[in-house]
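Colleague: Take this structure, written in structure tokens, and hold onto it; I'll ask about it next.
Numbering (the working numbering), first residue to last: 156 to 656.
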């Protein structure tokens, strides 16, 4: 497939295409330079400003203590990769933030790699940079998401490979396609929606179906089966555990009928403007007038491909309402499915290359990056000062100092609070951390440190007969960044013997 996108003005210096008389869109080198600075700043400020971790990160701190084929309702790839980072850099906020920011950088990079084959260079750079105007990507992905970040990177890599295969099919690319598809499925099960919708669009578009009809696609399938089968076998043996969370997220009730369908369809309709904000507002403000005149030069094959993808995606999501009984959707579920919305926009309106306000979009993306960086960095301090502490204000090191001051250096820690349990690994990296639910945990031999909130400690201690008589200590520790007069965290701990003794 040969792109019909307009090429930059040969008179423009360094490949920069003028965007009217008043400005120019920076070339790709500026894009990646800016992204490197942005993600490096996110990494540094996260390490410097937050003592605690978010819930998804706490789960990773717990799960990465072992390598398994499955970890409950989420596929295992994110945990496997995080385990590698912990082996290299220790169980730390630095390792958590480094992995996430590298994945996000990979998403922007792969989107640009796809875009450069479909639109002119300045529009390709903006297709990547404009993802900063999608709140789920620029804010939520930095704040707490884990598996959604990895599946979006996998989807972006898959998109880049498919676009390259349309241009020049090669055996190596089909092998890589198998790897990225497998990574997507092992990152989040919803990646199957992306593959189904995009694969269907490729088959229904006359100019693109040859990619899927090539016999070398069997190599991709073989790679996917090789990489996914071990986890798939685990899912079969743990089916209830693997699908319970997904089923619960899709449907808030079990009632089927017109009411459930209406709620589901309304929820489905509402996530689109929510996910695309503020991108669609910015695009409407900058380019709304006369947009229809900017369609000259569009590639009918690529436009048809993306249009069919959108139709199939909506149809598949609607099917989860009509057939699956879904009644609720979350806008973050669109992240691995619609991350390339800016690219779709520029494919549809390539004439914007000469728009006098095109460079405004680059400034808007840069402003959003700076605003996000500032607000995320100030969030732990602001939450602490206003007395509304969050997960990042958990005084992990203060808890550790209190425990060690009592002469305890635990080898095993049991807590009934998942967030607290995972966070404790930051302070006790050599200890075995166990999140104790209602079921009795499997414990190694030796003393056990029981640690939890003061209110729930009796319930934790009652989970094992040998724990009930262990003398307990209750201590108050100030939250990180909190005011001196703010309420403190009250927690209780006790050293007990393990039933395994």
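Yeah, the Cβ is synthetic: ideal placement off N, Cα and C, and Gly gets one too. Just so you know, these numbers come straight off a predicted model, no measurement behind them.
Kindly provide the ranges of any alpha helix (DSSP H) runs that are 4 or more residues long and lie completely inside the stretch 457-487, ordered along the chain.
Modeller: Correct list: empty.
Colleague: Which partner residues of residue 573 appear in the DSSP bridge assignment?
Modeller: Along the chain shown, read from residue 1 onward, the residue named residue 573 stands at position 418. DSSP output for residue 573 lists no bridge partner at all.
Colleague: Is residue 616 close to the ligand MG? I mean its beta-carbon at under 6 Å from any heavy atom of the ligand.
Modeller: The ligand MG is not part of this structure, which contains no ligands at all.
Colleague: Determine the direct distance from the alpha carbon of residue 300 to that of residue 227, and round the result to whole angstroms.
Modeller: Translated into positions along the chain shown, residue 227 becomes position 72. Translated into positions along the chain shown, residue 300 becomes position 145. Using only the alpha carbons, I get a separation of about 17 Å.
Colleague: My output table needs one value for residue 303: the three-state DSSP class, helix, strand or coil.
Modeller: The residue labelled residue 303 in the question sits at position 148 within the chain shown. Three-state result, residue 303: helix.
Colleague: At the 7 Å Cβ level, is residue 429 part of the contact set with chain B, yes or no?
Modeller: Checking the listed chains, one finds no chain B in this structure; it contains a single protein chain.
Colleague: What did DSSP end up calling residue 743 once you bin it into helix, strand or coil?
Modeller: In the structure as shown, the chain starts at 156 and stops at 656, and residue 743 therefore has no counterpart that could be examined.
Colleague: Return the chain-ordered list of same chain residues with a C-beta closer than 7 Å to the C-beta of residue 535, the five sequence neighbours on each side being excluded.
Modeller: Taking the first residue of the chain shown as position 1, residue 535 is located at position 380. Closer than 7 Å at Cβ, skipping near neighbours: 204, 205, 547, 548, 635 and 636.
Colleague: Just checking my contact of residue 328 with residue 320 at CB under 8 Å: how many whole Å lie between their CB atoms?
Modeller: For the purposes of this step, residue 328 is taken as the residue at position 173 of the chain shown. For the purposes of this step, residue 320 is taken as the residue at position 165 of the chain shown. Sure, about 5 Å apart at Cβ, within 8 Å.
Colleague: Hey, how far is the Cα of residue 350 from the Cα of residue 421?
Modeller: On the chain shown, position 195 is the one that residue 350 refers to. On the chain shown, position 266 is the one that residue 421 refers to. When rounded, the distance between both Cα atoms is 25 Å.
Colleague: Using 8 Å as the Cβ pair cut-off and three pairs as the minimum, do the stretch 419-434 and the stretch 484-503 touch?
Modeller: The stretch 419-434 vs the stretch 484-503: in contact.
Colleague: My assumption, with CB atoms under 8 Å, is that residue 442 sits in contact with residue 368. Please give the rounded CB distance.
Modeller: Walking along the chain shown from the start, residue 442 turns up at place 287. Walking along the chain shown from the start, residue 368 turns up at place 213. Their Cβ separation, rounded to whole angstroms, is 37 Å, which puts residue 442 and residue 368 out of contact at 8 Å.
Colleague: Let me know if residue 601 comes out buried or exposed under the rule of 16 or more other beta-carbons within 10 Å of its beta-carbon.
Modeller: Working through the chain shown from its first residue, we reach residue 601 at position 446. So residue 601 ends up on the exposed side.
Colleague: How many Å lie between residue 198 and residue 208 at the Cα?
Modeller: Mapped onto the chain shown, residue 198 falls at position 43. Mapped onto the chain shown, residue 208 falls at position 53. Each residue's alpha carbon lies about 14 Å from the other.
Colleague: Tell me whether the stretch 432-439 and the stretch 383-395 touch, counting them as touching only if at least three CB pairs, one residue from each stretch, are closer than 8 Å.
Modeller: With a cut-off of 8 Å, the stretch 383-395 and the stretch 432-439 do not count as touching, because too few Cβ pairs lie within range.
Colleague: Over the uninterrupted beta strand (DSSP E) stretch that includes residue 644, give me the two end residues.
Modeller: Numbered from 1 along the chain shown, position 489 holds the residue referred to as residue 644. Element bounds for residue 644: 644-651.
Colleague: Give me whichever residues DSSP pairs with residue 289 in a beta bridge.
Modeller: If you number the chain shown from 1, residue 289 lands on position 134. According to DSSP, residue 289 bridges with 433.
Colleague: I think residue 210 touches residue 574, with their Cβ atoms under 8 Å apart; what is that distance to the nearest whole Å?
Modeller: On the chain shown, residue 210 is found 55 positions in, with the first residue counted as 1. On the chain shown, residue 574 is found 419 positions in, with the first residue counted as 1. Confirmed, Cβ separation roughly 5 Å.
Colleague: If residue 560 sits next to residue 587, beta carbons under 8 Å apart, how far is it from one beta carbon to the other, in whole angstroms?
Modeller: Counted from its first residue, the chain shown places residue 560 at position 405. Counted from its first residue, the chain shown places residue 587 at position 432. So it is not a contact: roughly 22 Å between Cβ atoms.
Colleague: Can you tell me the Cβ-Cβ gap for residue 598 and residue 648, rounded? I've got them flagged as a contact below 8 Å.
Modeller: If you number the chain shown from 1, residue 598 lands on position 443. If you number the chain shown from 1, residue 648 lands on position 493. In fact, because the Cβ distance is near 16 Å, the residues do not count as touching under 8 Å.
Colleague: What do you reckon, are the CB atoms on residue 244 and residue 306 nearer than 7 Å?
Modeller: Here residue 244 is taken as the residue at index 89 of the chain shown, counted from 1. Here residue 306 is taken as the residue at index 151 of the chain shown, counted from 1. Against a cut-off of 7 Å, the Cβ pair of residue 306 and residue 244 comes out as no contact.
Colleague: Within 8 Å, do at least three Cβ pairs link the stretch 508-521 to the stretch 279-291?
Modeller: Contact holds: three or more Cβ-Cβ distances are below 8 Å.
Colleague: Provide the residue span of the beta strand (DSSP E) that contains residue 588, from first to last.
Modeller: Taking the chain shown and counting its residues from 1, one reaches residue 588 at position 433. Its beta strand (DSSP E) spans residues 587-590.
Colleague: So residue 379 is in the alpha helix (DSSP H); what residue range does that whole segment cover?
Modeller: Position 224 of the chain shown, counting from 1, holds the residue named residue 379. Residue 379 -> alpha helix (DSSP H) spans 372-392.
Colleague: Within the chosen definition, does the stretch 214-225 reach the stretch 234-244 through at least 3 CB pairs nearer than 8 Å?
Modeller: Verdict: yes, contact present.
Colleague: Please go through the stretch 187-275 and give each complete alpha helix (DSSP H) segment of 4 or more residues, from N-terminal end onward.
Modeller: Entirely contained in the stretch 187-275, the alpha helix (DSSP H) runs reaching 4 residues are, in chain order, 210-218, 232-244 and 248-270.
Colleague: Whole angstroms is fine: what's the gap from residue 540's alpha carbon to residue 230's?
Modeller: Taking the chain shown and counting its residues from 1, the one referred to as residue 540 is at position 385. Taking the chain shown and counting its residues from 1, the one referred to as residue 230 is at position 75. Using only the alpha carbons, I get a separation of about 38 Å.
Colleague: Taking the alpha helix (DSSP H) that residue 527 belongs to, which residues open and close that run?
Modeller: Walking along the chain shown from the start, residue 527 turns up at place 372. Residue 527 -> alpha helix (DSSP H) spans 513-540.
Colleague: Work out the CA separation of residue 191 and residue 504 for me, nearest whole Å.
Modeller: In the chain shown, the residue the question calls residue 504 occupies position 349. In the chain shown, the residue the question calls residue 191 occupies position 36. The straight-line gap from Cα to Cα measures roughly 29 Å.
Colleague: Take the Cβ of residue 643 as the centre, count every other Cβ of all protein chains shown within 10 Å, and call the residue buried at 16 or more, exposed below.
Modeller: For the purposes of this step, residue 643 is taken as residue 488 along the chain shown, with counting starting at 1. Result: exposed.
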